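Comments concern the structure below.
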Amino acid sequence: MKRILIPILLLAATASGVASARPAWWYLYQSRIDGQRACSQTPLGEGWVQMAGPFKDAHCENLVRNK
Numbered sequence: 050m051k052r053i054l055i056p057i058l059l060l061a062a063t064a065s066g067v068a069s070a071r072p073a074w075w076y077l078y079q080s081r082i083d084g085q086r087a088c089s090q091t092p093l094g095e096g097w098v099q100m101a102g103p104f105k106d107a108h109c110e111n112l113v114r115n116k
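For this note's numbering, add 49 to where a residue sits in the sequence shown, where the first one is 1.
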């Protein structure tokens, strides 16, 4: 019984984590050098400043209302 129960519990724990996962938010960044703007899910580096966000889409148009 114990042999069957442990794999089932591990599978259930893994499945519940996958079901609750969501994509990362998008943020609008602006270049310190030339003012260009880019939308990204990860920081772009030292030469970029986060301007706005989080957004739901890759075009940085739909703001997230509640986090």
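Don't be surprised by glycine CBs; every beta carbon is placed ideally from N, CA and C.
Quantities reported herein were computed from a predicted structural model and do not represent experimental measurements.
Requested in this report: Could you check the C-alpha separation between residue 83 and residue 110 for me, to the nearest Å?
Outcome: Residue 83 and residue 110 have their C-alpha atoms some 22 Å from each other.
**Report entry** Residues near residue 96 in its chain [Cβ-Cβ closer than 7 Å; skip 5 each side]
**Finding:** Excluding positions up to five away in sequence, the list reads 80, 81, 82.
Requested in this report: Quick one: grab the DSSP three-state call for residue 12.
Outcome: The structure shown has nothing for residue 12, since the chain only spans 50 to 116.
Requested in this report: Determine the contact status of residue 112 and residue 104, defining contact as a CB-CB distance below 8 Å.
Outcome: Residue 112 places its beta carbon less than 8 Å from that of residue 104.
Query raised in the report: So residue 102 is in the beta strand (DSSP E); what residue range does that whole segment cover?
Result: Start and end: 97-104.
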